[in-house]
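To start, the structure itself, in structure tokens.
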Amino acid sequence: MLHTGPVLSRSSTSAPVYRFLFKLVLERLDAETVHRLAATAMRVGTHPRFVRSLVKRLLAPRDPRLRVRALGLDFPSPIGVAAGVDKEGTWFEGLGALGFGFVEVGTLTARPQPGNPRPRVSRRSGERALVNSMGFPNSGAAVVAGRLRRRRRQTIVGVNIGKTKVVAIEDVGADYASCARQVAGCADYLVVNVSSPNTPGLRDMQAADRLAALIGAVRNGLPADGPHLPLLIKIAPDLRDEQIDAIADLALELGVDGIVAVNTTVDATVLRGGAHGEVSGGISGAPLKARALEVLRRLRSRVGERLVLISVGGIETPGEALERIAAGATLVQAYTALVYGGPLWPWRMNRRLSRLVREGGWSGVQEAVGTAASEDASRRPGSSKPRARFPQAGSGQKPSDR
Ligand SMILES: Cc1cc2nc3c(=O)[nH]c(=O)nc-3n(C[C@H](O)[C@H](O)[C@H](O)COP(=O)(O)O)c2cc1C
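The numbering of the sequence shown is the numbering used here, which starts it at 703 and goes up by one.
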């Protein structure tokens, strides 16, 4: 049986010291200011190579069971940083040193832009959620590509690209193509983001015909003689089931490498009392987890093992990460859990995920990918798929690890 039950209590997803600091100081400051302070502290603190090596030695995932091979890359852990945390490509090395298996930088746009006016991120601490209306502030693809080109390639870096706000929707193909071209040589994989709610018209690009044209344009923007750059599409949680199916089918037809699901939601009903509340922007964190899992299951049932699925949305605990993996995600990502869980969150996640994988009887986390999906399939009449091995509730696994 899959651990869909109780997840880690809040106390076990964030360390007591961090929780204290969060309540006493951080929560009183503007969320984006805190984010910038964290980025600066991480950049400066881990700048000397010996400090970064030391942090890495202490916190990096070492258990070979956590390794995942996907998109032609070797990930030291399946747990990555979602787009939006390192928008500027300035602190991915530090995030990698904390124990994340990969970092998705961006969203970058072809030209620099300031994003929406501040404040544009607000906390819903009681619900472990964030609401943001950032609108892709960034220094532009050329500047960030320059930074990425100088990196030591110790951390796997995906680059997430989006629409420049001032570009007309008719010119969106050329805009994305230009962005893709600028970052092509310095990304380990590329994500075409058509799902952020804060750029007008962007999510309309998820319509199959528009998406097909956009992917074609992005491909044409990539250097013809360069090495294969894995291409993924990031989708919204607010799509209807048939739209999800259409995107999955299109991704297969176009030979896209994978899908990142999901971005933030504009469905305020996921928040307590949200049906009546005013929310301007996209909601992330705990309220998103049920929908993110639903979308993942739908995608997996449509594409099977033919695409790499990256699940993101509300993941807070190792049990939830494993649940997504078992449902078909090869990799997972988080943003909001890092905000509420603090800098040691990835280390705790890796440690406990290792244990769950061991207790589940898998040789490694990769072996667990899709096993809940195949378990579902094995229940269907006529299926000969073997039953998957999930740690049973009470199988020596602490409740806090589920
Ligand atoms: C403040 C903030 C900024 C974000 N910026 C981006 C972005 O630039 N591009 C993107 O694709 N997703 C962005 N996201 C969405 C996250 O990558 C992720 O899909 C979403 O937050 C759900 O994951 P979570 O519940 O773990 O936070 C942002 C999320 C937050 C909270």
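Backbone N, C-alpha and C fix where the C-beta goes; we use that ideal spot for every residue, glycine too.
Remember, predicted model here, so these are calculated numbers, not experimental data.
Mind checking whether residue i and residue j have CB atoms under 8 Å apart?
i	j	result
Val-823	Glu-729	no
Arg-1002	Gly-1030	yes
Ile-937	Ala-963	yes
Asn-862	Gly-983	no
Thr-966	Pro-902	no
Gln-908	Ile-949	yes
Gly-1016	Gly-1044	no
Phe-804	Gly-860	yes
Leu-731	Trp-1049	no
Ile-777	Val-770	The residue you asked about is not Ile; residue 777 is Phe in the sequence shown. Closer than 8 Å, so yes.
Asn-818	Gly-864	no
Gly-875	Ala-919	yes
Gly-960	Val-1010	yes
Thr-809	Ala-785	yes
Leu-1055	Val-1071	no
Thr-857	Gly-928	no
Gly-887	Arg-942	no
Ala-953	Ile-935	yes
Is residue i near ligand 1, in the sense that its beta carbon is under 7 Å from a heavy atom of that ligand?
i	result
Lys-865	no
Leu-818	It should be noted that the sequence gives Asn, not Leu, for residue 818. Checking the Cβ of Asn-818 against ligand 1 gives no.
Ser-986	yes
Leu-728	no
Ala-992	no
Lys-725	no
Leu-1033	no
Thr-735	no
Thr-966	yes
Ser-1013	no
Leu-941	no
Ala-889	no
Met-836	yes
Arg-895	The sequence given here has Asn at residue 895, not Arg. Yes; taking the cut-off as 7 Å, the Cβ of Asn-895 has a heavy atom of ligand 1 nearer than that.
Thr-742	no
Ser-898	yes
Ile-781	no
Lys-758	no
Val-823	yes
Tyr-1037	yes
Leu-904	no
Tell me, which residues are paired with residue i by DSSP?
i	result
Gln-815	Asn-840
Tyr-891	Gly-860
Ser-1013	Ala-963, Val-1034
Val-823	Asn-834
Ala-772	Leu-775
Val-805	Val-783, Val-859
Leu-810	Ile-863
#### Entry: Ordered list of beta strand (DSSP E) runs contained in the segment 961 to 996, each at least 3 residues
Under the rule that a run must span 3 or more residues, the beta strand (DSSP E) segments found entirely inside the segment 961 to 996 read 984 to 987.
### Query
Taking only runs of the beta strand (DSSP E) that begin and end inside the segment 900 to 965, which ones reach a length of at least 3 residues, in chain order?
933 to 937, 960 to 963
### Task
At 4 residues or longer, and completely inside the segment 1052 to 1081: list those alpha helix (DSSP H) runs for me, N to C.
1067 to 1070, 1073 to 1081
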